[in-house]
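Residue numbers (this note's numbering): 1 to 373.
The beta carbon of each residue, even a glycine, is placed where N, CA and C say it ideally should be.
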Amino acid sequence: MESETTAVHGGTGVDPATGAIISPIYLATTFERQPDGNYPLGYEYSRQGNPNRDAFENALCSLEKGTRAIAFSSGSAAMMSMLLALSPKDHILAPADMYFGNRQMLREIFGRWGLKATFLDMTKVGNIEKAVRSNTRLIIIETPSNPLLKITDIKTVSDIAQMAGAYLVCDNTIATPILQKVLDLGADFSIHATTKYLGGHGDVMGGVVIGRKENEFAQRIKMVQKVCGPIPSPFECWLALRGIQTLPQRIRAQAETGLAIARYLANHPRIEKVHYPGLADHPGHKIAQRQMSAYGGLLSALVIGGRDQAMAVAARVKLFTRATSFGGTHSLIEHRASVEEPGTKTPQNLLRLSIGLENADDLIADLEQALGT
Ligand SMILES: *Cc1c(COP(=O)(O)O)cnc(C)c1O
């Protein structure tokens, strides 16, 4: 079935107890054991498994076309759990412009724990081949990347990972499984902050790892979920599942408006550069055309001048909201460098825009008045 159908029907069916077409929220932490000691419905204790979490994981698994989805309390908890499934002294490759929170996690937490990480520009495939070591277990890519919207060739990197005996993990948060089927393209695992487009309404945090095939690493990630417990609550799973039902329509609308705004900004005299993979002059445009069906609702722009000029534009918006995060119904604008860690390489004149569901002309009019002439 196609994504629109899976998004609606991929979670649960009609509730068998009541006929409700939307599943109730199961808050119980514990489930009854039969006289023979069994749990006939498969639920025992809510950290190990919960019907709302199962429904959410099932929906994600079918949308991304995987064999197993494992849900977590945030995108960061998903990344943490995946890294906890490795062993000290294992080596991983990660993008130099990786989501800053994940970069911080690798350096500050897992560095001390003994995990070795090499950060590199994943758009240069030759670099990846050279950086692989005998103990490289994972190659992590993020495409499009946040906030520079760089594009990595998933198929090519998956060939390198296979040769190296490493798993390829693709952060698919920005594209979503609607615009980019990373497991079909050769990634072994897809990882998401469901906080963004999948939840889609700016009101729920979550994360998920989806595996293409069943293997020992997927089982270890599942064990981290069960044993360490960084799980989403039943209500959070319910909200995220509700969000997924409209994901295909939302992300296509956001991608259409995103392209219109990227084109508008690219022609604006006060803008130095626009980072958006849908623009023909983007260095990754050809690859994006091959691996994405549209280019998403996230873009960034460099304001001519510097930090002060960029801050001034953000200060003048009326319809956009100055806030971090992306993927919700409301359009957001953010001076990115000042929310990232000190010493970040994100340019000081960069504004990141998350396109919501408002009318494109209204958003452009807001940018027009904020940019001035
Ligand atoms: C937001 C984000 C994360 C982290 O997710 P949280 O839910 O905020 O913990 C990871 N990767 C990317 C690409 C993100 O945008």
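Hey, N52 and S23: beta-carbon distance below 8 Å or not? Yes, they are a contact pair.
Please report the distance separating the alpha-carbon of V274 from that of P16. 51 Å
Under the three-state DSSP convention, the category G207 falls into: strand
Can you look up T119 in the DSSP assignment and give me helix, strand or coil? The question names Thr, but residue 119 in the sequence shown is Phe. Strand at F119.
Pairwise C-alpha distance: Q309 and A20: 53 Å
Within 10 angstroms of the Cβ of K181, are there 16 or more other Cβ atoms? Answer buried if so, exposed if not. buried
At a cut-off of 7 Å, would you count A398 as near ligand 1, judging by its Cβ distance to the nearest heavy atom? Nothing in the structure corresponds to residue 398, since the chain is present only between 1 and 373.
Quick check on DSSP: helix, strand or coil for L179? helix
Which of helix, strand or coil DSSP assigns to V132: coil
Cβ shell of V313 (< 7 Å), same chain only, five flanking positions each side left out: V303, L351, A370 and L371
Taking the alpha-carbon of K155 as reference, which of L148, D188, I174 and N127 has the nearest alpha-carbon? D188
For L363, the three-state DSSP class (helix, strand or coil): helix
Would you list, in sequence order, the uninterrupted beta strand (DSSP E) runs of no fewer than 3 residues that lie entirely inside the segment 47-123? 68-72, 91-95 and 116-120
Beta-bridge partners of A301, as assigned by DSSP: For A301, which the question treats as bridged, DSSP gives the partners V274 and L351.
Contacting residues, own chain, Cβ-Cβ under 6 Å from A71 (five flanking each side not counted): Answer for A71: R53, F56, E57, V208 and P232, listed in chain order.
Excluding sequence positions up to five away, which residues of its chain have a Cβ less than 8 Å from the Cβ of T321? H330, S331, L332 and I333
Would you say E142 touches ligand 2, meaning its beta carbon is less than 7 Å from a heavy atom? In the structure on display, ligand 2 does not appear, and the ligands it does have are ligand 1.
Span of the beta strand (DSSP E) holding F189? Note, F189: beta strand (DSSP E), F189 to A193.
Is any heavy atom in ligand 1 found nearer than 7 Å to the beta carbon of Y99? yes
Just to confirm, does G165 get its C-beta within under 7 Å of one of the non-hydrogen atoms of ligand 1? no
Within 7 Å: the Cβ of S81 and any heavy atom of ligand 1? In this structure, S81 has its beta carbon at no less than 7 Å from each heavy atom of ligand 1.
So, is G111 buried or exposed, given that buried needs 16 or more other C-beta atoms within 10 angstroms? Exposed.
Specify the secondary structure class of E340 as computed by DSSP and reduced to three states. Coil, per DSSP.
Is the beta carbon of I299 less than 8 Å from the beta carbon of G343? This sequence places Leu at residue 299; Ile is not what is there. The answer is no: Cβ separation not under 8 Å.
Cβ of T123 within 7 Å of any heavy atom in ligand 1? no
Report whether the distance from the Cβ of S76 to the nearest heavy atom of ligand 1 is below 7 Å. The answer is yes for S76.
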